[in-house]
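Step one of this worksheet: look at the structure below.
In the numbering used here, the protein residues as written are 1 to 378.
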């Protein structure tokens, strides 16, 4: 996709911002060392270094952090959060400055976890240096909690996961007073992320075999993850402390532009008055990624621009959905007919909501850091 093609797609595009992962640099070092792009990238990294230093009570140089090009551990979680936000905003400025493409005309934006905060910055209701205070004020306690927390992916091959039954099991385990477990993200109808303290995932797995109405598998992840978006953060009163601090954050009382699809609700919930309450819920409410995917496709988005270093979960979710639908449509004539109908605007209003999922294989995906490097002006 060249410059003119991308500019033409902006009114039909969604901006997707990534969250924290075990790898977070992507091609940031290449962008920083690029002769044309480097000054803008360095400016965004320098802009967030002072506030990061202040919030973490240690010297932080994000330019050096990126230049060294080393993936870090959870001990530099705060620096990594600032790096991700800075690089996402730098990529958008590069798009505007060197290609005259204004992202504010996009149909909508959304982000997974930290990405939702960056989407609000891109929507101009907060400055980056103000927005980054939200996760930075939580990060020390979240890292401390992460030390005895395990992440697991729960999935079934028997249709859909029974969400109410799963929540009931989590509440039962939490009531025993031997650690807290909670849903972190709804990835799809048949898969969710759960996070649990101590041996709660093992106890959940045992109860799930006995009590869930479908057969499930639980696969543990060996990496350490801060337990945001779960009730585990209640242990250190993180949501209420964050809410108290947000009273004085400089948040503009305007609707974001582009409008922001919240993964707290799975809907376009941000208005000129709702940002503080939604960010408060963002701290301990699970991420409704699947509902966001459905909403994006229902709104006839034709291109998704993935912003940030090495985009991961959102891109992988759409890819998996696209592959599954393509495999099914090859087997079924009726599915092929429904897929064709889902691409006709006049029919979209009368088809069931989930029929819009059939559009997934036809949505284009642009990884912005790759696009910028491949299309750099000479």
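Positions of the beta carbon are idealized from the N, C-alpha and C atoms, including for glycine.
These numbers were taken from a predicted model, which means no experiment stands behind them.
- The alpha-carbon of residue 275 is positioned some 9 Å away from that of residue 256.
- Distances from the alpha-carbon of residue 1 to those of 361, 272, 170 and 303 put 303 closest.
- Judged by beta-carbon spacing, residue 14 lies beyond the 7 Å limit of residue 96, meaning their Cβ atoms are not closer than that value.
- In the three-state scheme derived from DSSP, where H, G and I count as helix and E and B as strand, residue 303 is classed as strand.
- For residue 362, there is no enclosing beta strand (DSSP E), as DSSP gives it neither H nor E.
- For residue 205, same chain residues with a beta-carbon under 6 Å away, outside a window of 5 residues either side, are 218 in chain order.
- Here residue 292 is near residue 266, since their CB atoms are less than 7 Å apart.
- Here the segment 315-322 makes contact with the segment 276-296; the two share three or more CB pairs at distances below 8 Å.
- Its chain contains 125, 126, 275 and 276 as the residues whose beta carbon lies nearer than 7 Å to that of residue 251, once the 5 sequence neighbours on both sides are disregarded; these appear in chain order.
- If you compare the alpha carbons of 19, 165, 249 and 36 with that of residue 378, the shortest gap goes to 36.
- 7 Å or more divides the Cβ of residue 93 from the Cβ of residue 132.
- Shown here for residue 149: same chain residues with a beta carbon closer than 6 Å to its own, the five before and five after excluded, namely 195, 197 and 227 in chain order.
- In the structure shown, the three-state DSSP call for residue 106 is coil.
- Following the DSSP letters along the chain, one finds residue 166 in no beta strand (DSSP E) but inside the alpha helix (DSSP H) bounded by residues 163-174.
- DSSP, read as helix, strand or coil, puts residue 118 in helix.
- When Cβ pairs closer than 8 Å are counted between the two stretches, the segment 48-59 is seen not to touch the segment 149-165, the count staying below three.
- The DSSP-derived three-state label of residue 51 is helix.
- Across the set 62, 79, 118 and 70, the C-alpha of 118 shows the shortest separation from the C-alpha of residue 308.
- By the C-beta criterion, the segment 71-86 is judged to be in contact with the segment 17-29, since at least 3 inter-stretch pairs fall below 8 Å.
- Taking the Cβ atoms as the reference, residue 162 lies roughly 6 Å from residue 212, within the contact range of under 8 Å.
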